[in-house]
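In what follows, a structure is listed as structure tokens, so that the remarks can point back to it.
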Amino acid sequence: PTAIFASNDDMAAGVIASAFRHGKRVPEDISVVGYDDTPIASAIWPQLTTVRQPIAEMGYQSVDL
3 PTAIFASNDD
13 MAAGVIASAF
23 RHGKRVPEDI
33 SVVGYDDTPI
43 ASAIWPQLTT
53 VRQPIAEMGY
63 QSVDL
């Protein structure tokens, strides 16, 4: 694969670690995206591209409708 979208940031961090162990460069050889925007996303190298869902804000907005 050329890209992996992991179901959470911890899994994405594991994908990055595994890629390096197998001689792959992120993002040059494989792109990795996580989900949840947890602190690990900025603690690893290279920093993880992640998706953040503002659940609380979305809830407030839905009540205002």
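As numbered in our numbering, residues 3 to 67 make up the sequence shown, in order. Where is the CB? At the ideal position from N, CA and C, for every residue including glycine. Computed from a prediction, not measured in an experiment: that's the story for all the values here.
Straight through space, the alpha carbons of residue 9 and residue 48 are spaced by roughly 18 angstroms. For residue 28, there is no enclosing alpha helix (DSSP H), since its DSSP letter is neither H nor E. Cβ atoms of residue 32 and residue 21 come within 8 angstroms of each other, at about 6 angstroms. Around the C-beta of residue 53, fewer than 16 other C-beta atoms lie within 10 Å, and the residue is accordingly described as exposed.
In its chain, beyond the 5 residues on either side, 8, 34, 36 and 50 have a beta carbon closer than 6 angstroms to the beta carbon of residue 14.
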